[in-house]
Structure formats: C-alpha cells, structure tokens
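Colleague: Numbering (the working numbering), first residue to last: 171 to 372.
Before we start, here is the structure in question, set down as structure tokens.
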Amino acid sequence: MDLNSRLFDRIRVKSEPKQAARPSQPLCNHPGCRAPGEFRAPMGRLREGQYFSFCLDHVREYNASYNYFNGMTPEAVAVYQRDALVGHRPTWSMGSNRTGKNFREEGDDPSSPGDTLGMFRHPNAGPPSRSPAKPRYGVAALKALDQLGLDDGADPASIKARYKDLVKRLHPDANGGDRSNEDKLREIIRAYNYLRTVKPAG
C-alpha cells in the first residue's frame, strides 16, 4: 500500500454534528452547551464522588486545565504527597503500638514461651531473673548468632537489641522503599526466630 498516494489526499472524514440530548441523558454542564453530557469529570478536592457531565469537547477542555491541588499551599501539597506514599493510612514506628509504648516491657525475656509480651506477669513484678552465667549454644544457634553479628556470649537482651537495630536499618520502610536488603532481612528474622526458641545452657 502506497501511503503517499493521491487517493489518500482525497479522503475526507465528515464530522458528526452534535446531537441533542435524549430526555434520559443529562445535558453538558458547560454554560450554553446543549449537547448530551456523556462524559463525567470530577468536581475537585473536597467534593469527592461528585461529577460534572460534559460533552467530548468540553470534557477535554476541562481535563486540560484540571488541578486537584488548586488552592492548596505548597506545605499542604507536600503533606498530601507524603501521606500518599502509605495510601493515606496511619502508620506507627516499628516495635510500638498505637499508644507509642513498646510491645514488650524492657525486662521481658523474648525466649520465654510462657510470658508472651509480659501480659501474664503481675504489673508490680520486676523483670524475670536471669542467671549471670555465660550462655552456651549449639552449632545451629551459633550460626544464627553469626547472622546477627554476635558471638556465643550474647544474652537474650543483647540478641533482641541487635535484632531490632538490624531490622530498623534494613527494612524497606526505613530505606525509602529500597528492597535490595530483603534477603538479608529475611535471614536475620529467621535467625532471630530460631534463637527465641533456643534455651542457652549456663
């Protein structure tokens, strides 16, 4: 097919005249336009869920000049954009609940299966007693400790502190969404979960 043919120059496409709106169809909301309003256009910020009805020509004109942030200060736009990163949902710091307090009390033993989050201890009871002896670990536990960068002298409190520090540094939320450390983070979580089940022999 020859696209440079003179036949293509003779082709004329006849534009359809605007039809009057049917009784069931709304008219175009543009002032003075009597065409059917077949296309919806949002009314704007603070009027979510409400729409104008426009004909094709006027909806194109409206969309070309539409600005959702019209009338907002630069600071308000920045806040909106920051909140949009998390879908405008509330977020909390890692390791804390809505009140901002840590889930575990400072003295809680993470390897203690009978005292999850310290909820079964009496509120006036002190931290659980720990033996001052240096813990001893098996080969699998030593590998898990190595993943966390610790030696066999680490106690449960130092393991927990190191784990929290590594998660804060490697988690994508703390690195602007960078997922390059996800594999390392998985290894650290797996190692920590294993160490929580191991009882060191004093």
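Virtual Cβ for every residue (Gly too), placed ideally from N, Cα, C.
Fair warning: this is a prediction, and the values are worked out from it, not measured in the lab.
For glutamate 207, which residues from the same chain have a beta carbon less than 8 Å from its beta carbon, with the 5 sequence-adjacent residues on both sides left out?
Modeller: For the sequence presented, residue 207 should be read as glycine rather than glutamate. In chain order, Ala191, Gln195, Pro196, Leu197, Cys198, Asn199, Phe222, Ser223, Phe224 and Cys225 place their CB closer than 8 Å to the CB of glycine 207, counting only its own chain and leaving out the 5 sequence neighbours on each side.
Colleague: If distances are taken between C-alpha atoms only, which option among Thr367, His228 and Tyr250 comes closest to alanine 310?
Modeller: Thr367
Colleague: Give me the Cα-Cα distance between glutamine 220 and valine 256, rounded to the nearest whole angstrom.
Modeller: Rounded to the nearest angstrom, the two C-alpha atoms are 25 Å apart.
Colleague: Report yes if the C-beta distance between alanine 324 and leucine 315 is below 9 Å; otherwise report no.
Modeller: Here alanine 324 is near leucine 315, since their CB atoms are less than 9 Å apart.
Colleague: Return the CA-CA distance between tyrosine 364 and glycine 347, expressed in angstroms with no decimal places.
Modeller: 27 Å
Colleague: Considering only C-alpha positions, which residue in the set Arg176, Lys330, Met213 and Glu218 is nearest to valine 229?
Modeller: Met213
Colleague: With DSSP as the reference, label tyrosine 236 as helix, strand or coil.
Modeller: coil
Colleague: For a test of the three-state rule: what should DSSP assign to serine 328, helix, strand or coil?
Modeller: helix
Colleague: Quick one: Cα of aspartate 253 to Cα of proline 260, how far?
Modeller: Answer to the nearest angstrom: the Cα atoms are 9 Å apart.
Colleague: Determine, using beta carbons only, whether alanine 361 and lysine 313 come nearer to each other than 9 Å.
Modeller: yes
Colleague: For tyrosine 221, which of helix, strand or coil comes out of DSSP?
Modeller: strand
Colleague: With DSSP as the reference, label arginine 259 as helix, strand or coil.
Modeller: coil
Colleague: Could you tell me if tyrosine 307 is buried or exposed, where buried requires 16 or more neighbouring beta carbons within 10 angstroms of its beta carbon?
Modeller: buried
Colleague: Taking proline 342 as part of the beta strand (DSSP E), name the residues at either end of that continuous run.
Modeller: It is not in any beta strand (DSSP E) - proline 342 carries neither H nor E in the DSSP assignment.
Colleague: For isoleucine 359 and histidine 341, what's the separation of their Cα atoms in angstroms?
Modeller: 11 Å
Colleague: Does the distance from the C-beta atom of phenylalanine 239 to that of tyrosine 232 stay below 9 Å?
Modeller: Not closer than 9 Å, so no.
Colleague: Determine the DSSP secondary structure at alanine 211, reduced to helix, strand or coil.
Modeller: strand
Colleague: Please work out which residues of its chain come closer than 8 Å, Cβ to Cβ, to arginine 215, disregarding the five sequence neighbours upstream and downstream, and give them in chain order.
Modeller: Tyr238, Phe239, Asn240, Gly241 and Met242
Colleague: When we look at the beta-carbon of proline 201 and count the other beta-carbons within 10 Å, is it buried (16 or more) or exposed?
Modeller: exposed
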